[in-house]
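In this note's numbering, the protein residues as written are 406 to 596.
Virtual Cβ for every residue (Gly too), placed ideally from N, Cα, C.
Small disclaimer: the values here were computed from a predicted structure and weren't measured.
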Ligand code: SF4
Ligand code: SF4
């Protein structure tokens with residue numbers, strides 16, 4: 406799935422995938438109307454699907470897998486196309502051509518990607534959970550992702566083109582795989 410291979414007590418590999426954030430507010434409707442994001446992932450329109458991304462940027466961090474143990478480690482090194490200021494891809498439309506191992510997230514593969522961050526809206530919905538209060542679709546404010554400590558904003562150490570492959574293990578961090586302390590959790594669903 407990923408081109409680069411390096412050695413660290415066995416062979417480890419790095420990989421990533423990308424999604425993007427689009428602005429899409431909750432449709433107004435009656436109080437009883439379910440928000441669109443509670444629909445099954447496969448029933449979302451393309452626009453709805455794209456809007457699920459909270460723009461955290463965690464999936465654009467290089468990840469390493471220890472092929473001896475299968476354990477996946479996040480690093481705080483970001484893809485070469487990542488804009489650490491906005492936490493967005495600098496060339497989303499052409500990302501597949503420019504970064505060949507950038508994986509397109511789909512309703513079909515979202516359940517097969519084991520390194521999705523626990524905060525990722527696609528993972529949450531795949532697990533049948535609601536969106537958390539800091540998600541822009543709920544809060545109406547993209548800044549709540551940063552304020553909740555979920556965003557990669559000011560947490561990226563380097564872009565991958567500036568780090569030698571052999572040095573990537575020095576950048577392993579645990580925070581992208583965790584739910585930030587104090588960040589609200591999805592409400593428990595009724596029924
Ligand atoms: S190509 Fe863009 S979307 Fe894909 S991992 Fe890199 S920054 Fe993220
Ligand atoms: S981890 Fe999920 S919510 Fe965050 S940027 Fe990637 S796809 Fe979007």
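Same chain, Cβ closer than 8 Å to residue 433, neighbours up to 5 away in sequence not counted: Position 28 of the chain shown holds residue 433. Because the pLDDT of residue 433 is 40, which lies under 50, any placement of that residue in the model is unreliable, and the number read from its coordinates should be weighed accordingly. Result list for residue 433: empty, nothing under 8 Å.
Distance, residue 528 Cα to residue 481 Cα: Indexing the chain shown from 1 puts residue 481 at position 76. Indexing the chain shown from 1 puts residue 528 at position 123. Roughly 20 Å separates the two Cα atoms.
Cβ shell of residue 428 (< 8 Å), same chain only, five flanking positions each side left out: Translated into positions along the chain shown, residue 428 becomes position 23. Because the pLDDT at residue 428 is just 44, under 50, the model does not fix this residue reliably, and the point stays unresolved.
For residue 480, the three-state DSSP class (helix, strand or coil): Against the chain shown, residue 480 aligns to sequence position 75. The answer is strand: DSSP assigns residue 480 an E or B state.
Buried or exposed (CB count within 10 angstroms, at least 16 for buried), residue 499: Here residue 499 corresponds to residue number 94 of the chain shown, with the count starting at 1. Exposed, by the Cβ-count rule.
heavy atom of ligand 2 below 6 Å from residue 463 C-beta: Along the chain shown, read from residue 1 onward, the residue named residue 463 stands at position 58. Checking the Cβ of residue 463 against ligand 2 gives yes.
Alpha helix (DSSP H) runs wholly inside the stretch 492–521, at least 4 long, in chain order: Whole alpha helix (DSSP H) segments, 4+ residues: 500–503.
Limits of the alpha helix (DSSP H) - the one that residue 449 falls within: Taking the chain shown and counting its residues from 1, the one referred to as residue 449 is at position 44. Careful: residue 449 lies outside any alpha helix (DSSP H) and carries neither H nor E.
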